[in-house]
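Numbering (UniProt numbering), first residue to last: 1 to 210. This report refers to the structure that appears directly beneath it.
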């Protein structure tokens with residue numbers, strides 16, 4: 001028996017479940033997810049209600065960038081829980097952070113002995129830490145430690161700005177566009193984690209978690 005079914009079964013005769021609609025919604029989402037992609041690493045609590053990505057993105061600082069990030073994954077249209085949307089954002093941001101780290105590391109090696117080698121090395125160091133931070137965020141999200149996950153993303157968010165700042169006068173950053181892109185994605189991931197954390201505590205306050 002799935003969590004939504006178990007939740008409904010817990011209400012015996014004379015007691016009406018206050019979360020019937022929510023249980024049905026998440027049950028439907030689980031069925032869709034099972035048929036369209038591999039199961040998520042962890043199961044979201046049934047209190048986290050279904051929403052379109054555009055609805056949830058309206059509550060972030062950059063709604064357009066949020067929608068663009070989430071909709072870059074085709075199967076995100078089948079994911080309608082806050083948890084699922086946040087998981088997509090964190091995973092995509094983690095991947096992009098690793099890609100930028102690889103890029104700046106390669107550029108550093110290609111420009112060995114040149115003035116630009118030092119700032120590129122600083123970028124590589126910053127992004128190395130950011131990769132670790134994003135992995136921590138993904139792990140914390142998987143264990144429902146949403147506040148800790150948000151803090152990990154917040155720590156990672158320093159990397160793009162620090163990378164750009166490493167290039168002083170006379171040196172042009174070759175990764176400005178990449179820094180801007182990953183910074184935007186980190187902001188979206190952070191906003192969704194912050195939103196998810198707020199929903200989580202709301203659910204706990206009404207004892208609605210699995």
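C-beta atoms are modelled at their ideal positions from N, C-alpha and C, and glycine is treated no differently.
Nearest neighbour of residue 185 by Cα position, chosen from 62, 140, 93, turns out to be 93.
Counting only runs of at least 4 residues, the UniProt domain "Pectinesterase inhibitor" (49 to 192) fully encloses the following alpha helix (DSSP H) elements, listed from N- to C-terminal order: 53 to 57, 63 to 70, 82 to 110, 117 to 142, 146 to 156, 158 to 165. Contact check for residue 137 and residue 149: beta-carbon distance about 5 Å, within the 8 Å limit, so the pair qualifies.
C-alpha of residue 111 to C-alpha of residue 118: approximately 9 Å in a straight line. The C-beta distance from residue 190 to residue 164 rounds to 19 Å, too long to meet the 8 Å contact threshold. Cβ-Cβ distances below 6 Å link residue 126 to 159, 162, 163 in the same chain, with the five nearest sequence neighbours on each side left out; the list follows chain order. Sequence-distant Cβ neighbours of residue 173 in its own chain, meaning closer than 6 Å and more than five residues away, are 164, 167. When the five nearest sequence neighbours on each side are left out, the beta carbons in the same chain lying within less than 7 Å of the beta carbon of residue 123 are those of 104, 163, 166, 175, in order along the chain. In terms of CA proximity to residue 143, 87 leads the group 65, 70, 87, 72.
For the pair residue 82 and residue 195, the CB atoms are nearer than the 8 Å cut-off.
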